[in-house]
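If you're matching positions, the sequence shown starts at 3 in the numbering used here and goes up one per residue. Glycine included, every Cβ here is placed at the ideal spot set by N, Cα and C. In this text the structure is predicted, and so the values were computed from the model without any measurement. Notes follow the structure.
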Amino acid sequence: MDIPFEQGMLSPGAADMRPEPPNSLDLNDTHPQRIKLTAPNINLSLDQSEGSVLSDDNLDSPDEIDINVDELDTPDEADSFEYTGHENPAANKDSGQESESIPEYTTEEEREDNRLWRTVVIGEQEQRIDMKVIEPYRRVISHGGYYGDGLNAIIVFAACFLPDSSRADYHYVMENLFLYVISTLELMVAEDYMIVYLNGATPRRKMPGLGWMKKCYQMIDRRLRKNLKSFIIVHPSWFIRTLLAVTRPFISSKFSSKIKYVSSLSELSGLIPMDCVQIPESIIKYDEEKSHKRSVRTSCLYNDPELSSMEKDLDLKLKEKP
Numbered sequence: 003m004d005i006p007f008e009q010g011m012l013s014p015g016a017a018d019m020r021p022e023p024p025n026s027l028d029l030n031d032t033h034p035q036r037i038k039l040t041a042p043n044i045n046l047s048l049d050q051s052e053g054s055v056l057s058d059d060n061l062d063s064p065d066e067i068d069i070n071v072d073e074l075d076t077p078d079e080a081d082s083f084e085y086t087g088h089e090n091p092a093a094n095k096d097s098g099q100e101s102e103s104i105p106e107y108t109t110e111e112e113r114e115d116n117r118l119w120r121t122v123v124i125g126e127q128e129q130r131i132d133m134k135v136i137e138p139y140r141r142v143i144s145h146g147g148y149y150g151d152g153l154n155a156i157i158v159f160a161a162c163f164l165p166d167s168s169r170a171d172y173h174y175v176m177e178n179l180f181l182y183v184i185s186t187l188e189l190m191v192a193e194d195y196m197i198v199y200l201n202g203a204t205p206r207r208k209m210p211g212l213g214w215m216k217k218c219y220q221m222i223d224r225r226l227r228k229n230l231k232s233f234i235i236v237h238p239s240w241f242i243r244t245l246l247a248v249t250r251p252f253i254s255s256k257f258s259s260k261i262k263y264v265s266s267l268s269e270l271s272g273l274i275p276m277d278c279v280q281i282p283e284s285i286i287k288y289d290e291e292k293s294h295k296r297s298v299r300t301s302c303l304y305n306d307p308e309l310s311s312m313e314k315d316l317d318l319k320l321k322e323k324p
């Protein structure tokens, strides 16, 4: 039977118009039919009767369980995940959206961090000192050698190295500095000792407050208070004299009797050996200026004929009085 050309064969134009078969599945427009899964009847009893999961048939041949794969429930659109494709790392790099990596904490950084904090025991309590914040003020306390026989230490406290009270974190700095001074004092002192308090060249804004000095006295170990033989204040100002007078009610009379005032470095050298005592340059300059003013004042006093001998004697007594 002859088939007409129009029915048996496609014309060249019709062949070109025929759509090409798809080379991928259309996941967005396809809506597969949901098929419900019918669970097989399984006996969950613990005996080995027929149909039980412990029966010999199930234990020997697990592959014989009759499950109809065609009846499995396929996921619908609600269960499907949105496909975003694989991300190109090079594209992210070019777009400036690089993922931030977590910085590694090296061993050297860990050692450095440990050096920034010091753990000490004061009054049977463990305390931590922020060594970084007090780094500029560690010169406030130093070892000045020894005096007399044995291990009688000289502890030098230079008030000119204290922080300025205008700092926003002043109380935090002073709290850590207090712990540093107390812990350092315990390390330096073995037996009897004396404290040389250098008060010269210290502006009022750097002077420690009453509460700070009171706390220092109360936190000092009983052994340290007992072994303190002398508390020498060099270049005492009116403020420091008044401050110590106010603190007398909460300090013992024995401690008050140990306080001595020294008006110059030359006078201090007559009391203790100065070989190992480190005097800051600002205090040396302050002492020279005071000595010069004192000599000028004394010279003017004796060269003035209008001053009577009684006035001269009174002025000399005032200068000698501590």
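Residue environment, residue i, which counts as buried when at least 16 other CB atoms sit within 10 Å
{"i": "residue 128", "result": "exposed"}
{"i": "residue 251", "result": "exposed"}
{"i": "residue 236", "result": "buried"}
{"i": "residue 85", "result": "For residue 85, the pLDDT reaches just 47, beneath the cut-off of 50, and the residue's location in the model is therefore unreliable, although a value from the coordinates is still provided. Residue 85 should be labelled exposed."}
{"i": "residue 212", "result": "exposed"}
{"i": "residue 143", "result": "buried"}
{"i": "residue 248", "result": "exposed"}
{"i": "residue 181", "result": "buried"}
{"i": "residue 267", "result": "buried"}
Same chain, Cβ closer than 8 Å to residue i, neighbours up to 5 away in sequence not counted
{"i": "residue 260", "result": "230, 231, 232 and 233"}
{"i": "residue 161", "result": "142, 199, 200, 201, 204, 208, 209 and 210"}
{"i": "residue 192", "result": "153 and 155"}
{"i": "residue 136", "result": "175, 178, 179 and 182"}
Residue i versus the options, residue with shortest Cα-Cα distance
{"i": "residue 149", "options": "277, 291, 292 and 142", "result": "277"}
{"i": "residue 178", "options": "203, 209, 218 and 192", "result": "218"}
{"i": "residue 273", "options": "192, 163, 135 and 196", "result": "196"}
{"i": "residue 194", "options": "147, 163 and 159", "result": "147"}
Residues of its chain near residue i, where Cβ-Cβ distance is below 6 Å and the 5 sequence neighbours each way are ignored
{"i": "residue 120", "result": "131 and 133"}
{"i": "residue 122", "result": "129 and 185"}
{"i": "residue 183", "result": "143"}
{"i": "residue 167", "result": "207"}
{"i": "residue 285", "result": "200, 202 and 203"}
{"i": "residue 118", "result": "133 and 134"}
{"i": "residue 163", "result": "139, 141 and 142"}
{"i": "residue 1", "result": "The chain is shown from 3 up to 324; residue 1 falls before or after that span and cannot be answered."}
Cα-Cα separation, residue i to residue j
{"i": "residue 227", "j": "residue 283", "result": "30 Å"}
{"i": "residue 289", "j": "residue 206", "result": "18 Å"}
{"i": "residue 241", "j": "residue 224", "result": "28 Å"}
{"i": "residue 220", "j": "residue 210", "result": "15 Å"}
{"i": "residue 187", "j": "residue 138", "result": "18 Å"}
{"i": "residue 245", "j": "residue 214", "result": "12 Å"}
{"i": "residue 171", "j": "residue 145", "result": "28 Å"}
{"i": "residue 265", "j": "residue 157", "result": "18 Å"}
{"i": "residue 151", "j": "residue 270", "result": "19 Å"}
{"i": "residue 291", "j": "residue 165", "result": "24 Å"}
{"i": "residue 174", "j": "residue 298", "result": "44 Å"}
{"i": "residue 154", "j": "residue 189", "result": "13 Å"}
{"i": "residue 294", "j": "residue 281", "result": "19 Å"}
{"i": "residue 216", "j": "residue 256", "result": "16 Å"}
{"i": "residue 169", "j": "residue 159", "result": "21 Å"}
{"i": "residue 243", "j": "residue 279", "result": "24 Å"}
Own chain partners of residue i with C-beta closer than 7 Å, once the 5 adjacent residues on each side are dropped
{"i": "residue 238", "result": "201 and 263"}
{"i": "residue 126", "result": "none"}
{"i": "residue 258", "result": "250"}
{"i": "residue 124", "result": "181, 184, 185 and 221"}
{"i": "residue 253", "result": "219"}
{"i": "residue 275", "result": "147 and 149"}
{"i": "residue 296", "result": "none"}
Enumerated in chain order, which unbroken segments of the beta strand (DSSP E) with a length of 3 residues or greater are wholly contained in the segment 253-287? 261-264
In chain order, which beta strand (DSSP E) runs of at least 3 residues are fully inside the segment 154-196? 155-160
What ranges does the beta strand (DSSP E) occupy inside the segment 215-257, keeping only unbroken runs of at least 3 residues that lie completely in it? 230-236
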